[in-house]
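Contents: one structure, followed by commentary.
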Amino acid sequence: MKKNKAHDEDQQWFKDHIGAELQRMDAAFERSEPELEPFESFVASHKQALRRRLWRDLALFWLVAAMLLLGMFWIMEQDWIWLAALQSLVAVSAVGYIGIAHVWKGRKQWKNN
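Here our numbering is used: the first residue of the sequence shown is 234, the next is one more, and so on.
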């Protein structure tokens, strides 16, 4: 109970000594709200550009995927051994790359010794 009374007294002291100055400063430097139209046009143009870029990236992805599938089917038609060798080489390379990247990332991190 005593704590609330001290808090109320501190609040009253603050209002008496600093409150009027703060209110006067707030009135002198009142913020004006910016216009909404430029922001809306910026967001609309950004969304349109992003949509175009996403469609372009999707088309590029499908093109590369189709080329990879056609290449894999061609290799499969030629010889199953080459297909297995290529798949093994890709798997080993991916595991090696991930391992090297993990070690490289671990060395670059700051250590607290």
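Yeah, the Cβ is synthetic: ideal placement off N, Cα and C, and Gly gets one too.
- In the displayed model, Phe-262 falls within coil according to three-state DSSP, outside both helix and strand.
- Taking the Cα positions, Glu-310 is about 50 angstroms away from Val-276.
- Contact check for Leu-316 against Ile-308 passes: the beta carbons are separated by less than 8 angstroms.
- In the displayed model, Glu-270 falls within a helix according to three-state DSSP.
- In this structure, the straight-line span from the alpha carbon of Ile-333 to that of Trp-295 is close to 29 angstroms.
- Here the C-alpha atom of Asn-237 lies approximately 12 angstroms from the C-alpha atom of Gln-245.
- Between the alpha carbons of Lys-341 and His-335 lies a distance of about 10 angstroms.
- For Gly-329, the uninterrupted alpha helix (DSSP H) segment begins and ends at 313–341.
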